[in-house]
Every structure is written in C-alpha cells, then in structure tokens.
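Under mature numbering (1 follows the signal peptide of the UniProt record, and there is no 0), the letters of the sequence shown match residues -23 to -1, 1 to 646, in that order.
Read through the structure below, which is laid out as structure tokens, and then see the notes.
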Amino acid sequence: AALLWGTILLGCIYRPGPPRVGAAPLLVATYVLDDADGLGREFDGIGAVSGGGATSRLLVNYQEPYRSQILDYLFKPNFGASLHILKVEIGGDAQSTDGTEPSHMHYENDENYFRGYEWWLMKEAKKRNPKIKLIGLPWAFPGWIGKGENWPYDYPDITAYYIVSWILGAKQYHGLDIDYIGIWNERAFSSKYIKLLRYTLDKHDLEQVRIIASDRLWEPISFVMLIDSELHGVVDVIGAHYPGTKTVQNAILTGKKLWSSEDYSTFNNDDGAGCWARILNQNYVNGNMTSTIAWNLVASYYEQLPFGRCGLMTAQEPWSGHYKVESPIWITAHTTQFTQPGWSYLQVDGHLEGGGSFVALTDGLGNLTIIIETMSHNHSKCIRPPLPNFSVVPQRATFYLRGSFYMVETLQVWHSRLDFESGNSSLFQQLHPVKVWKGRFSLDLNVDEVYTLTTLKTGRKCGCPEPPPPQPFPSSYKDDFNIRNPPFSEAPNFADQTGVFEYFVNASDPGDHVFTLRQVVVQRPITWVSDADQTISVIGNFNWVNMTVTCDIYIEKSHDGGVFIAGRVDNGGIYVRRTKGVFFWVFADGTYRVTGDLAGEEVLMKGLSGVRDNAWHTLTLNIQGNSASGLLNGYPLWENVTVSKPRNGWAALGTRSFEFAQFDNFHVE
C-alpha cells in the first residue's frame, strides 16, 4: 500500500518491466484527452475477410472441440480476437487467391444457398456475437452473367439481381442479415451498376444494406463521387485496400465513412503482429479510417499456396486437430475487447513524440479506452505498400484527462511486448491498474509495445486447452464420397484451384457410383485472375515425392471431354496456370496423354487407351523417384516415363476443360 501511494504522489508514473540500466534520459511528452469540444469520427469496428479466396477451406473439416475453439478465438466477445466485422467472399466459381469458392448460381436457372462454407461461417460468427456486422463482396462471377464476356457490367441488371439474390438467400435460408455489400474486389467499378444495385436493393426492401465502394484505391471513386451527386448519394462507405495508413483529400471531401476495407495480408509471426498493431491505430491517426479489415481471418488453406499463413491465426491441419493462436489475435484484442462499433474517437493528433501512436475512444457514457503502439520500422512492415523510414525511442508519455474523463480514478491495463531478440514475446497480459491522480497519469513506453488503458473491466485472455500436436497429412488417404446428406458441398481436404468439385448423387447409376464427386462449372467464369483452362483440385502433402494415386473417373462430355489424375503438383492459387507435375490424362476419343504440366503442353507420352465417355474407368498413377507409370482398369497402360521436375507436390484430379465429369473411390498412398 505504501508503494502504491508513493506511485500516486509521483504523478502515477507507470513502469512495467525491469529498470532501464544506463539508458539515455527518457524523451518526455504530454498529451491531452478531452471531449469538451466534441468527438471525432464514429468507430465502425475491426474485422477480417474469409475468402478471396478459399482461405477458410480447411477450417470446416476440423473435428470438435477444435473447430469450436478456433471459432471462439475469432468471434467470441472478450475471449480472443473478438472481431466486430466478418467480410466474406460471394463465391463466383473462379480462382480468387488460394482457391475457388462456389457460386449460389452456377447457371442462370440454378439457385442453391447451401454451397461452400461462408454461410456456415457467418452463422457461427453470429452465434458467438449476435452484433457482428456482415459484409459480402464478389471477387468473380459465373460466366453466364457476362454472356460470354469477361465483364460483369454489360448487363448490370443481371449482376444486380445476382448479388441481391445472395443477400435474400442469406436471410431466407440462414436467417442472416447482411449489413454491407461491395462491388467487385480490386477491379473496375461502374457508376451505372452501383446506382442500379441501390435501386434493386431498395426494391427488395433491403434499404438497411449499405454499399461500400470500390474496394480498390481511394481514386477514382472519390473524385467520381464528388462530381456525380447521385453516386454520392448511394455509396455509404469508401473502402480502400492497403492504403499505407494514408487517405486522399477527395475522399475526405466526400464526407463519407472511410475504411481500410482490406489490409494486413502479412505472415502471422510477430513481425505480422507489429504490422497489424501499427495500422490498427495509424489508419485512423494518419488516414481518418474508422474500420480496418484484415485479409485474412484464419489461414485455413495449404501453406504452400500463395500467401501461406497470412491469417490472424493458423488452422491448416484438420486431420490432426492442430491449430495455432498467432500473435495478431492478441494484438486485435487490444482494440476489439475494449471498444464497439458506435463508439467515437476522441479528437487528438495521435502521434507520440518518440514515435508510435495512440488513439482514444469513448462510448459517450463515460467509458474511455486508450490504445498505444510503439512499433519499430523493421518490426512492423506489412506486405504492402513499402513502409517509409521512421524511428521509435523509449519515452515517457503523460496523459491529462479532461472534460467528462477528469473524474476517472483508475484505468485497467493490458500489455503486449513483441520481443524480437529472444522470441519471448508477452502477449495481452493484464497488469496492475494505473491510478489517475487529478486527471493525470504517466507511462514509460519501450519500443515494440502495445498498451490498452481502459475503464472497462471486461477484458479476458482465454486459455483453452492446448490443441493436438501437428501431424503431416495422412500418408494413406481414401475417400469414396459415399455420404447421403453431406454437411458441406465439397469433400474434405480437396482444394479446388479452377472449377468447383461437389458431392453428387448419381441417380441414373444403380451400381457402385451413386455417390460421387463432380466437377460442375461448365463455362469459364468472369475471372478475377487468370484461371487455368482446365479444372483442378489438389489434396495432400506438398512434400510428397513418391506416391500412387488411384481414382475411378467418368467423362460426361463426348468427343473432346477428358479428365486427369496427377501427382507432384507444384502450384495453385493465383499461379494455377503455371502448374507443373505429373498428369495422367484420358480423353473421350479413346486416347491418353502423360504431361509434365496442367496446360498439357509438355507431353511425356501419348497413345490409345480405349476409354470412352459415359463409362466408368479406373486410373492409377504411380510415381517413384525419376520414373512414372500408369494403369487403366488395373492393367499397365504406360510405364518408364522419366520425370525429373517437380521433385514433390500434391495429388490432384481435374478435367480437360470447363466440363461435367465425375470421380469416385479416390485413394492416394
């Protein structure tokens, strides 16, 4: 008690951690927090993206209790990341970074609101936090929308109908209210389409759904809104991607809410946590942005796909149950557990004299939350844009609370220190409360720290039991797809990279192939990146070298249809067109090929197989060392094909073009 009173008499200087031995004198500065002259912008929340694409693919295959634990860490209030916003991809049947996500309308006369896993994820988020805000955004569109053109705006009424049907389906089939809708991720916008989208929303009694545009850069959307009053009237939020904490004058002049509607996208180690801590504060301090949304929510995709482990946490092993709560989760908690959408920022400059930043927010009811970060340049670089040089030094910050905060006597303290020397970081630890003496307290700040000081006492760091240890993908894996009412439309662990592979009930087959896996995209989508001309789904362990892949196949397209099985597949995601491996193809015209690439340009062997469409055949591909061989229906078809590259990779299956085809009794050893 005597020590505590001494601290109060010293003006409440708060010094966690060991004393600084032989250090230079601390830089000292004062900051005033006052609401007497009004408040700053309204805070809209911190969120994350599932999709763009297929980033949550493996999450759905986790067994309980691990799947629920992961979801709790992401969404449960006062538990972990406690996210305020979930943004999901509106699946468009096309590659959107790490895979394809299925559309609710593969074809013009088709509607199905149970495909994929985003519906499920939104429901799980709402189950944990009924107040969470939901955003939908398309990366790609089914081909029928463009009537053969790779462009969604030639028939804007069709595109608007398609998007609004997704919003209506979310409500009708899942009880989900979508709060915000976007235009086309990181691609061109059409003013005519945005206005028509607003009209279509209103026509369907969806006035409460707000429009975000344009999920790319601040310009040209801001300028166009300033000269087009009708467009200005229908856009509610200007969303920019990877703004580097900066905005532009035109965006401010619109008077609209400004969001960093996609940011972060950085490897989720402590450097990624440093990036995230810096931009969560500085997007507001430097750029007036009242929401920051991370790509991506959880790294639940094969790590060797593009941007591996660029999620707030990692859950890429459903077969073992292993997951990892990475440091960005706890950096998120510093803001999300002590604020809510609808709170307001205080009007402060927000820059610390010794480098770093702070924000202060209030609920207008007397509660106050201050978040301070002192991230150094080299430990807070995000993946983009390049970060200009700056320096951060140890400093003493004295805060004066004025206005309605003058009577605050105590602030709860939560602290993180990213330790890049020993790797012994301390994350989201509750320290002793700080006493406020006559509206004043001081803090000694070191480099690479985050502090939350708050009147709220609700913060909590969950300690779930440790998940199981990591294990590689099973070295022997089978799937016969025999499931009558699958919980999801896709088979576990298959990661579609072009096309969409779904469980299928083959009503016309009375025999062994009633339940199959079917490729269902039959027209090239309106793409976001360069999808392959072939369809492909990968599975397994990227480090596999020797393997035997067996699968029953059924070509549905006569004349020029074809399918393949493959091993040592070395690529996917946005790079799917350049995929190499060992590909064993059979075609409806009775020929076969062995190629070293998905594009089919590097032919290693070819000949006659006798395979025909609309009949089941069994393919076997065996790769051992530098040699590969193939069997058809259990009999050798080709052998002793030399394969030198790639040295390793996934197993895969797929089709020659966007065509119907079926697969059954998949087995990789």
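Beta carbons: idealized from backbone N, C-alpha and C, even for Gly.
All values reported here derive from a predicted model rather than from experimental measurement.
Residue i, DSSP secondary structure in three states
i, result
"THR441", "As written in the sequence, residue 441 is Cys, which differs from the Thr given in the question. Note: CYS441 maps to coil in three-state DSSP."
"SER453", "coil"
"ASP247", "helix"
"LYS172", "helix"
"LEU36", "helix"
"ASP590", "coil"
"SER606", "strand"
"PHE166", "coil"
"ASP641", "strand"
"ASP75", "coil"
"GLN259", "helix"
"ILE160", "coil"
"SER466", "coil"
"ASP425", "coil"
"PHE382", "helix"
"THR177", "helix"
"TYR90", "coil"
"GLY550", "helix"
"GLY22", "strand"
"GLU646", "coil"
"VAL186", "coil"
"ARG624", "coil"
"LEU208", "helix"
Residue i versus residue j: straight-line alpha-carbon distance, rounded
i, j, result
"LYS301", "VAL37", "16 Å"
"HIS218", "GLY159", "13 Å"
"ARG379", "GLY333", "23 Å"
"MET266", "PHE20", "9 Å"
"THR243", "MET352", "15 Å"
"ALA629", "HIS81", "25 Å"
"THR572", "PRO115", "34 Å"
"ASN245", "TYR278", "14 Å"
"HIS446", "SER238", "According to the sequence displayed, residue 446 carries Pro and not His. One C-alpha to the other measures close to 35 Å."
"ILE530", "ASN483", "13 Å"
"GLU426", "ILE215", "31 Å"
"PHE450", "TRP296", "7 Å"
"LEU203", "SER167", "15 Å"
"THR493", "PRO133", "36 Å"
"residue 647", "VAL186", "With the chain running from -23 to 646 in the structure shown, residue 647 is simply not present."
"ASN591", "GLU533", "5 Å"
"LEU257", "THR375", "22 Å"
"TRP562", "ASP641", "16 Å"
"ASN610", "GLY544", "18 Å"
"ILE171", "PHE56", "38 Å"
"ASP14", "LYS415", "20 Å"
"ILE551", "GLY577", "18 Å"
"ASP486", "LEU614", "27 Å"
Assumed close pair residue i, residue j - CB separation to whole angstroms, cut-off 8 Å
i, j, result
"PRO283", "ASP75", "6 Å"
"GLN372", "GLY327", "Not a contact, Cβ separation roughly 15 Å."
"PHE519", "GLY626", "6 Å"
"TRP96", "HIS151", "5 Å"
"ALA310", "ILE47", "Rounded, the Cβ-Cβ distance is 15 Å, inconsistent with contact."
"SER336", "TYR261", "Before going on, a small fix: residue 336 reads as Val here, not Ser. With a Cβ gap of about 6 Å, VAL336 and TYR261 count as contacting."
"SER604", "VAL618", "7 Å"
"GLN314", "GLY125", "Incorrect: roughly 50 Å between the Cβ atoms, too far for contact."
"LYS233", "VAL212", "7 Å"
Segment limits, alpha helix (DSSP H) that includes residue i
i, result
"LEU133", "One point to set straight first is that residue 133 is Pro, not Leu, in the sequence displayed. Looking at the DSSP string, the run of the alpha helix (DSSP H) that includes PRO133 is 133 to 151."
"ARG44", "43 to 52"
"ARG105", "95 to 105"
"SER199", "198 to 204"
"ASN227", "226 to 230"
Range of the contiguous beta strand (DSSP E) that encloses residue i
i, result
"ALA472", "472 to 475"
"MET582", "580 to 585"
"ALA629", "627 to 632"
"THR387", "387 to 394"
"LEU404", "403 to 412"
"ASN617", "612 to 619"
"THR568", "568 to 574"
"ARG545", "539 to 546"
"LYS234", "234 to 241"
"HIS218", "214 to 218"
"TYR8", "4 to 10"
CB contact check: residue i to chain D, cutoff 8 Å
i, result
"CYS359", "The structure shown contains no chain D, having only a single protein chain."
Any non-hydrogen atom of the ligand SAH within 7 Å of residue i CB
i, result
"GLY68", "Among the components modelled here there is no ligand, and therefore nothing to report on the ligand SAH."
Of all the beta strand (DSSP E) runs that stay within the bounds of the region 299 to 356, which reach a length of 3 or more residues? The region 299 to 356 contains these whole beta strand (DSSP E) runs: 299 to 301, 334 to 339 and 345 to 350.
Which runs of the beta strand (DSSP E) at least 3 residues long sit entirely within the region 485 to 535? Give them in chain order. Here the runs fully enclosed are 492 to 496, 512 to 516 and 524 to 532.
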